[in-house]
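> Take this structure, written in structure tokens, and hold onto it; I'll ask about it next.
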Amino acid sequence: YSATLEYTDLLIDEYDKVMNFVAKAKRENAYLEVLLPQLQNLGFKLNTYLVQNRLKGNQLIIPNVTSVVGKLKLNQYIQLSGHPKLYQVTNYAYDPATKQVALDVYPDLFITTNNTTVNFATPMLRARFKNLNGIDGSPLTTEGYYSSISFELRECTE
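Given below as structure tokens:
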């Protein structure tokens, strides 16, 4: 996944803070963790989030679910504990008889599950800079601010 973050017009002091942060992140080859508003799921809750062990492929099974609150939206993003990759939910089913929630996800799992939990509420996009538009040498406008500053971020999975 990738994302573009755009800034409104920045005054010189604000621009300097952004440039300092960007220079440090570039120098250290650091990743950023970004909470994008569309990734938040504030209404869906289960009594357990522990995923069945040894799962691979495109489906997660959450056993022992006795309580489901709210409705999970298709195309919702989730994240697994111990791994920063974002997964998109493409299908969701709850079977009260077996007390299992089944989630189909895209892309296929990058890991094999082992004592893994699902984060439905606030998955974070872990990313590195892909392109820096308007960052290096942006001209100061006659009004005294910097404009057209944006970052292209690409998800990193390490």
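Residues 466 to 623 in my numbering are what the sequence shown spells out, letter by letter. Cβ coordinates follow ideal geometry from the N, Cα and C atoms, glycine included. Remember, predicted model here, so these are calculated numbers, not experimental data.
(1) Given this structure, state the Cα-to-Cα distance separating LYS564 from GLN517, to the nearest angstrom.
(2) Assuming TYR542 and GLN524 are in contact, meaning their beta carbons sit under 8 Å apart, how far apart are those beta carbons, in whole angstroms?
(3) Tell me whether the beta-carbon of LEU470 lies closer than 8 Å to the beta-carbon of LEU618.
(4) Are the beta-carbon atoms belonging to VAL583 and ILE527 less than 8 Å from one another?
(5) Classify PRO625 as buried or exposed, calling it buried when 16 or more other Cβ atoms lie within 10 Å of its own Cβ.
(6) If VAL534 sits next to TYR559, beta carbons under 8 Å apart, how far is it from one beta carbon to the other, in whole angstroms?
(7) Roughly how many angstroms separate the alpha carbons of TYR472 and PRO561, rounded to a whole number?
(8) Per DSSP, what are the beta-bridge partners of TYR611 in this structure?
(9) I need the boundaries of the beta strand (DSSP E) containing ASP569, first residue and last residue.
(10) Could you give the C-beta distance for VAL570 and THR555, rounded to a whole number, given that I count them as a contact under 8 Å?
(11) Report buried or exposed for THR587, applying the criterion of at least 16 other Cβ atoms within 10 angstroms of its Cβ.
(12) Helix, strand or coil for VAL534? Go by DSSP, reduced to three states.
Considering the structure as presented:
(1) 13 Å
(2) Their Cβ separation, rounded to whole angstroms, is 16 Å, which puts TYR542 and GLN524 out of contact at 8 Å.
(3) yes
(4) yes
(5) Past the edges of the chain, shown from 466 to 623, lies residue 625, and the structure says nothing about it.
(6) About 11 Å; that fails the 8 Å criterion.
(7) 47 Å
(8) LEU475
(9) 565–571
(10) 7 Å
(11) exposed
(12) strand
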